[in-house]
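In my numbering, the protein residues as written are 57 to 275.
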């Protein structure tokens, strides 16, 4: 019996493409890496920033920390709101809450930023609790965020499902003995999500709502 639904933020509830890619470009330019096409930076949406700067930009750990600080210079007041809620998300969350599910946000984004985004776009009212990382790097890994959310809410892994768009969401849930529903309207594709171990995929918000609404009926 699923009682708790843990949602990722970027690429799952909102489309942060403009704000994240422009802020990443701003950070990379401080290292002499000029970005000609923001589309090349879509891989930064979802995973922890430190990991992404090291994996995709070839920065070492110290440089990645500096890049994050530079990223936040732009993101904290500008990039944070170069964002938008996917069509149908608010209605879906409202229906799921009315159906009796406990809704929890579990994001790798700093919780200060995540809470501001939820408030700005009218989504905060739907969530029973929100969890994310801290500016000092605490809980930067998705598995750590999920573990912390489970502990703080008292949710049982077997009664909880993670919803996200990237492999990090699936892997983090797997490490906490939870199942994941992957969404295809974000920034991960079916291969990435299925290879990571997602149990089901939703191609759009309408399909996601149908899956979640009927998750305890065996459909």
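Each residue gets a CB set at the ideal place from its N, CA and C atoms; glycine is no exception.
Mind checking residue i: buried by the 16 CB within 10 Å criterion, or exposed?
{"i": "residue 168", "result": "exposed"}
{"i": "residue 92", "result": "exposed"}
{"i": "residue 232", "result": "buried"}
{"i": "residue 57", "result": "exposed"}
{"i": "residue 126", "result": "buried"}
{"i": "residue 155", "result": "exposed"}
{"i": "residue 187", "result": "buried"}
Output the boundary residues of the beta strand (DSSP E) element that contains residue i.
{"i": "residue 60", "result": "60–63"}
{"i": "residue 160", "result": "158–166"}
{"i": "residue 187", "result": "185–189"}
{"i": "residue 258", "result": "256–258"}
Quickly, what does DSSP pair residue i with across the bridge? List them, please.
{"i": "residue 217", "result": "61 and 235"}
Beta-carbon separation of residue i and residue j under 8 Å?
{"i": "residue 122", "j": "residue 89", "result": "no"}
{"i": "residue 241", "j": "residue 142", "result": "yes"}
{"i": "residue 67", "j": "residue 138", "result": "no"}
{"i": "residue 172", "j": "residue 124", "result": "no"}
{"i": "residue 225", "j": "residue 198", "result": "yes"}
{"i": "residue 267", "j": "residue 237", "result": "yes"}
{"i": "residue 25", "j": "residue 227", "result": "An answer regarding residue 25 cannot be provided, because it is not within the stretch 57 to 275 covered by the chain."}
Is there a C-beta anywhere in chain B that falls below 8 Å from the one on residue i?
{"i": "residue 138", "result": "In the structure shown, chain B cannot be found, because there is only a single protein chain."}
List the endpoints of the continuous alpha helix (DSSP H) containing residue i.
{"i": "residue 266", "result": "261–269"}
{"i": "residue 94", "result": "No alpha helix (DSSP H) holds residue 94; DSSP gives it neither H nor E."}
{"i": "residue 128", "result": "117–131"}
{"i": "residue 150", "result": "145–154"}
{"i": "residue 77", "result": "73–85"}
Sorry if obvious, but does the Cβ on residue i come closer than 7 Å to a heavy atom of the ligand NAP?
{"i": "residue 160", "result": "The ligand NAP is absent from the structure shown, which contains no ligands of any kind."}
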